[in-house]
Amino acid sequence: MTDASPDRAAERVARESYGRLLAYLAARTRDVAGGEDALAEAFATALETWPREGVPDNPEAWLLTVARRRQTDAIRRSTTRRHGEAHLSLIQDELDDLAMSHDAIPDRRLALMFACAHPQIDPAMRAPLILQTILGLTAADIGAAFLVPPATMGQRLVRAKTRIGELGIGFEIPDILALPERLDGVLEAIYAAYAKGWSDLADEGSALATEAIWLGRLVVALAPDAPEPKGMLALMYYSHARRAARRDSAGAYVPLEAQDTALWDQDAIAMAEALLRDASTAGPTGRCQIEAAIQSAHVARRLSGQDNWPVIVQLYDILLAMTGSPVVQLNRAAALAQAKDPVVALASMENLATDKRMAEYQPYWALRGHLLAQIGDTAGAHDALTLAMGLSMDPAIRDWLGAQRSRLVSLN
Amino acid sequence: MRFLLMLYAEEQAGATIPPEDMAKAMDGMFAYQQALTKAGAFVSTSALGATTDARTLRMQGGDIHLVDGAFVNQGGTLNVQEGPYAETREQFGGLFVIDVADMDEAVKWAARCPAAQWGPIEIRPIVNTMSANEPAWCADGGFAPDAGQQPEP
């Protein structure tokens, strides 16, 4: 028995092992919600038992044993045929478990993430599912990040988990090299969680970004041979390194070109650079790696003062050919304005004016306003900046756009 | 679907904002309205006067009966009070009516409203609207009688 306090021990196990235990439990039955229930009961039993009897030597194995018993009981109580089959497989599992040491609980978290990011699961629910199943975040926390009320998010999570069971989505890890799009689904979901945290400047946002980085590290650890997870983790570290420099002491928005590089987190940048190097030696160059390379180029330019915009445009060319994404095209136009001039940049984004995906996309109107101002189209710039202000959820960015617009008026 | 965004704010705090800051806030509100319009989601907006100028009409006492298809109060007295219906920390100060696909979209637009920075916004689905300036509007299954069905005064 260890002498740590029982509450703290349960908390520590919860943080470190929740996803691992759930993935193992859910993989047995393909029933994520049932696994969650069993695990919740096991944690409740632990909080009741450990203060009295002490914390067991292997808390994780203890929780797994209790949860498995609950899970088996629940299935025995049910009489459907599907559950009958699951019951038979559970009996087999238990025989297997007898032969297996409790210290070696197989890590099936990557398989659980693949199930959550399966092509048949609503793309909008993939990130929330991973946050709940792997990290054990509550529907309330996840709902806050995605601007959905807790009860609604709870219902959507339940439906998505039911769907995993109904579709019979297996808990196996697809051949990542043969099916790179399956891995992309997982990476996209994690990055979506990071992006939510990044755009939200409040502390809760920062917490979500930190959780996403934790997930990114987990995928890198579980799939060490795949280069794209490293590219994505590098991408998140590059962004994370600049968090403190994005606002001045008064809370005003500071664009990348004006940021005080002394405020950048050098350790995070070093980790990002190392991951990106590692990824590019390991295999094919994917979307995340190129996006990370672009971030690396921005960091190099700001730290050295050496113009490297043409290289950034070239990287965007590759990324655009790969994705055809209007957001990539937009970012390329911004780089093009620096490498060449605003006229060329505006011409390169002409087709986006009729793209419905851009109509409510704030960065599109902000860039358009910025470029129109540079070529002296004051009226056009004013309209575009007004729309960008109206589409912004962030008051600091709204103020910054408003200031740009005021300078426009004073030129006249 | 149409939604009503009810903007609440602390009226007292609002009254002490310096004019130049208020102008900036109104600029933000105007930009928001432009963005709604561009997205085809804008229907209407109103700013409300102070609650100190409000009156609340309330029937006190009596019982409600259904008489000849109309609800009438019997035995109650109609009173007028100064001020709003409820004493709350924040007061209902303005509104937007927007037309968007669903509640998730409505919440997204409410989050873009500058007023979300200084007070709560209640978002309610609208069942139907009758207006002096446009044809009656009705959500699926909602009730919007046309002028011909309205009883003679």
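In order, the protein sequences belong to chains A and B. So our numbering is basically just the index in the first sequence, starting at one, shifted up by 1032. So our numbering is basically just the index in the second sequence, starting at one, shifted up by 1. Glycine included, each C-beta is placed from N, C-alpha and C at the ideal position.
For residue i, the three-state DSSP class (helix, strand or coil)
{"i": "B:E11", "result": "coil"}
{"i": "B:L6", "result": "strand"}
{"i": "B:N129", "result": "strand"}
{"i": "A:I1429", "result": "helix"}
{"i": "A:L1378", "result": "helix"}
{"i": "A:A1255", "result": "coil"}
{"i": "A:V1218", "result": "helix"}
{"i": "A:F1178", "result": "coil"}
{"i": "A:F1203", "result": "coil"}
{"i": "A:I1153", "result": "coil"}
{"i": "A:T1081", "result": "helix"}
{"i": "A:E1392", "result": "coil"}
{"i": "A:D1039", "result": "helix"}
{"i": "A:I1245", "result": "helix"}
{"i": "A:S1133", "result": "Because the pLDDT at A:S1133 is just 49, under 50, the model does not fix this residue reliably, and the point stays unresolved."}
{"i": "A:L1169", "result": "coil"}
{"i": "A:L1071", "result": "helix"}
{"i": "B:T17", "result": "coil"}
Residues of its chain near residue i, where Cβ-Cβ distance is below 7 Å and the 5 sequence neighbours each way are ignored
{"i": "B:L96", "result": "L5, L6, M7, L8, T46 and S47"}
{"i": "A:E1204", "result": "A1143"}
{"i": "A:P1138", "result": "Y1056"}
{"i": "A:L1399", "result": "L1362, A1365 and A1366"}
{"i": "A:A1391", "result": "none"}
{"i": "A:R1319", "result": "L1351, M1354 and T1355"}
{"i": "A:Q1406", "result": "P1374"}
{"i": "B:A51", "result": "E12"}
{"i": "A:P1182", "result": "A1171, A1172 and G1175"}
{"i": "A:R1274", "result": "Q1291 and W1296"}
Chain A contact residues for residue i, given Cβ-Cβ distances below 8 Å
{"i": "B:Q115", "result": "Sequence check: residue 115 of chain B is Pro here, not Gln. In chain order: P1427 and R1430."}
{"i": "B:Q118", "result": "P1427"}
{"i": "B:D100", "result": "Ordered by position in chain A, no residue passes the 8 Å Cβ test against B:D100, which lies about 14 Å from the chain."}
According to DSSP, residues forming a beta bridge with residue i
{"i": "A:C1148", "result": "Answer is none; A:C1148 lacks a bridge partner."}
{"i": "B:E123", "result": "B:M7"}
{"i": "A:R1279", "result": "A:Y1285"}
{"i": "B:W138", "result": "B:T130"}
Contacts that residue i makes with chain B (C-beta to C-beta distance below 7 Å)
{"i": "A:L1419", "result": "Q35, A36 and K39"}
{"i": "A:E1392", "result": "A40"}
{"i": "A:G1066", "result": "In chain order: nothing, as chain B lies at least about 29 Å away."}
{"i": "A:G1051", "result": "Chain B residues near A:G1051: none, gap ~27 Å exceeds 7 Å."}
Closer than 9 Å at the beta carbon, the chain B residues around residue i
{"i": "A:G1434", "result": "K25, D28, G29 and A32"}
{"i": "A:G1401", "result": "Residues of chain B passing the Cβ test: none, with the nearest at roughly 11 Å."}
{"i": "A:G1248", "result": "Residues of chain B passing the Cβ test: none, with the nearest at roughly 26 Å."}
Close-in-space but distant-in-sequence residues of the same chain around residue i (CB under 6 Å, 5 per side omitted)
{"i": "B:I65", "result": "F72 and N74"}
{"i": "A:D1280", "result": "V1286"}
{"i": "B:I94", "result": "It should be pointed out that residue 94 of chain B corresponds to Gly in this sequence rather than to Ile. Same-chain partners within the cutoff: L8, A10 and L49."}
{"i": "A:D1292", "result": "A1277"}
{"i": "A:P1038", "result": "W1082, P1083 and V1087"}
{"i": "A:A1159", "result": "A1221, A1224 and A1225"}
{"i": "A:T1418", "result": "none"}
{"i": "A:W1094", "result": "P1088"}
{"i": "B:A155", "result": "Since the first residue of chain B shown is 2 and the last is 154, residue 155 of chain B is not available in this structure."}
{"i": "A:I1429", "result": "Y1285"}
Chain A contact residues for residue i, given Cβ-Cβ distances below 9 Å
{"i": "B:V108", "result": "L1179, V1180 and P1181"}
Residue i: contacting residues in chain A (beta-carbon distance under 7 Å)
{"i": "B:A112", "result": "L1179 and M1425"}
{"i": "B:D103", "result": "Going along chain A, no residue has its Cβ under 7 Å from B:D103, so there is no contact; the nearest lies around 11 Å."}
Nonlocal neighbours in the same chain, by C-beta distance under 8 Å from residue i, ignoring five residues either side
{"i": "A:V1376", "result": "L1368 and A1369"}
{"i": "A:E1243", "result": "L1163, L1167, L1169, A1225 and G1229"}
{"i": "B:N134", "result": "none"}
{"i": "A:L1254", "result": "D1139, R1141 and L1142"}
Neighbour list for residue i in chain B, Cβ cutoff strictly below 8 Å
{"i": "A:G1263", "result": "The contacting residues do not exist; A:G1263 stays about 30 Å from chain B at best."}
{"i": "A:G1229", "result": "What A:G1229 touches in chain B: nothing, since even the nearest Cβ is about 16 Å away."}
Contact test: residue i Cβ vs the ligand FAD heavy atom, cutoff 7 Å
{"i": "A:R1364", "result": "This structure lacks the ligand FAD; in fact it carries no ligand of any kind."}
Cutoff 8 Å: residue i Cβ touching any chain D Cβ
{"i": "A:G1186", "result": "In the structure shown, chain D does not exist; the protein chains are A and B."}
*Mind listing, in chain order, the continuous alpha helix (DSSP H) runs of no fewer than 4 residues lying wholly within the segment 36-121 of chain B?*
Under the rule that a run must span 4 or more residues, the alpha helix (DSSP H) segments found entirely inside the segment 36-121 of chain B read 104-113.
*Go through the segment 1296-1360 of chain A residue by residue and report every complete run of the alpha helix (DSSP H) that reaches 4 residues or more, in order.*
1298-1314, 1319-1336 and 1341-1355
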